[in-house]
Amino acid sequence: MIYSGALNYFRGGAVVATLLLLAGCSATIPKHLAGEAELRPITTQNAELRSLPPPTKRVVVAVYSFPDQTGQFTESTTGNSTMSNAVTQGGASLLMKALQDAGERRWFTVLDRARLDDTLKERQIVAEMRRIYRGEVEVSASALPPLQHAGIILQGGITGYDVYTRTGGAGARYLGIGADTRWQQDTVTVSLRAISTNTSEVLASVTIQKTIASIATQGNIFRYVALDRILEAEAGSTANEPKQIAVEEAIEKAVDSLIIEGAHMGIWKFADPAAGRALIEAYLLDKYDGNVPPDAAIAVPPATKNATNVVPTVPLAKAPPPAPAPEQPNGPPPPDTNEVVG
């Protein structure tokens with residue numbers, strides 16, 4: 000009896016030690032999970048955006064903001080809302096990156112207006128330094144040229160974030176051994192529009208939806224291995240599609256669609272007309288789910304003409320300073336009152 004009790008005590012201690020060892024290991028991040036910083040791989044959507052045929056000329060566009068208009072907050076595991084925003088707050092940065100990627104930087108000249116105050120302050124510093132140290136009342140245009148302006152402003156935002164748009168799962172259990180899988184889909188919506196700087200007319204607009212998938216798999220065992228011995232174990236994993244990448248792909252798809260929509264409406268043109276027509280036809284089939292109405296095939300152009308044209312600000316040439324007046328020759332001094340001339 001003493002030997003049996005000692006053996007049971009030893010077995011119990013071994014189990015506790017094993018559990019403590021597993022708990023300690025779980026606190027250390029495995030090397031295969033802790034990756035190093037790297038360039039983000041090019042996704043299928045990004046590659047499609049980069050492969051767009053070039054335009055006849057680059058379009059100058061300005062981006063001020065691309066805000067989160069959803070008002071959604073992240074839900075905790077208990078279903079309560081947290082103070083963390085559900086989607087990224089860096090929409091303007093993602094939009095500018097997508098515009099530069101379009102056609103491998105051949106489509107747009109992007110003007111960053113998201114932090115315009117910073118640019119203006121830096122220009123004020125340049126002007127003030129030249130006034131103090133060079134005595135310049137007006138800064139030369141060669142030192143501080145005019146800011147470039149855009150013929151088109153791109154506006155929009157993240158307009159929707161719907162959770163649990165689709166859910167599902169499956170599971171089974173037999174003799175205390177079971178497994179189950181659960182999945183859910185959320186949906187993010189972005190809107191993008193091109194606005195004429197000259198007339199404020201909305202030239203073209205698109206709306207894009209992107210699903211965000213999550214899946215969880217779990218297995219467990221709960222059964223008696225002896226009259227007074229229970230074996231209980233569980234394991235599982237969860238995979239969540241990153242919301243940041245989902246929003247980025249939605250914005251890239253919006254830029255891709257806006258380019259083709261604008262070409263269809265005659266706002267800008269592809270350098271290769273045949274390639275442009277093929278893209279427009281494929282876009283319309285996708286937009287109308289394979290059934291393009293006759294009226295949709297013939298685009299109605301916007302009222303604003305030549306919306307992409309930009310007249311640059313050219314500094315006026317300063318007139319040269321006037322030439323100094325010629326010096327008058329010095330004549331003889333006037334005669335004195337008592338002096339006789341002649």
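Numbering (numbering that gives the first Met the number 0), first residue to last: 0 to 341.
By construction, the Cβ of each residue, glycine as well, lies at the ideal position given by its N, Cα and C atoms.
- The beta carbons of residue 157 and residue 189 sit about 5 Å from each other, so the pair counts as a contact at 8 Å.
- Secondary-structure assignment with DSSP links residue 236 through a beta bridge to 216.
- Below 8 Å, too few C-beta pairs join the stretch 163-183 and the stretch 132-148 to call them touching: fewer than three.
- Here residue 164 is near residue 186, since their CB atoms are less than 7 Å apart.
- Beyond the five residues adjoining it in sequence on each side, residue 256 comes within less than 6 Å, by CB distance, of 205 in the same chain, given in chain order.
- Each residue's CA atom was taken as its position, placing residue 135 and residue 126 some 8 Å apart.
- Looking at the backbone, the Cα of residue 69 and that of residue 84 are separated by about 9 Å.
- Excluding residues up to 5 positions away in sequence, 57, 58, 59, 60, 98, 99 and 101 lie with their Cβ nearer than 8 Å to the Cβ of residue 107 in the same chain.
- Contact between residue 303 and residue 195 holds: CB atoms are separated by about 4 Å, below the 8 Å threshold.
- Taking a 10 Å sphere around the C-beta of residue 94, we find 16 or more other C-beta atoms and assign the residue as buried.
- Taking the C-beta atoms as reference points, residue 207 is found nearer than 7 Å to residue 253.
- Residue 313 is classed as exposed because its beta carbon has fewer than 16 other beta carbons within 10 Å across all chains shown.
- Under the three-state reduction of DSSP, residue 71 is assigned to coil, being neither helix nor strand.
- In its chain, beyond the 5 residues on either side, 217, 218, 219 and 220 have a beta carbon closer than 8 Å to the beta carbon of residue 233.
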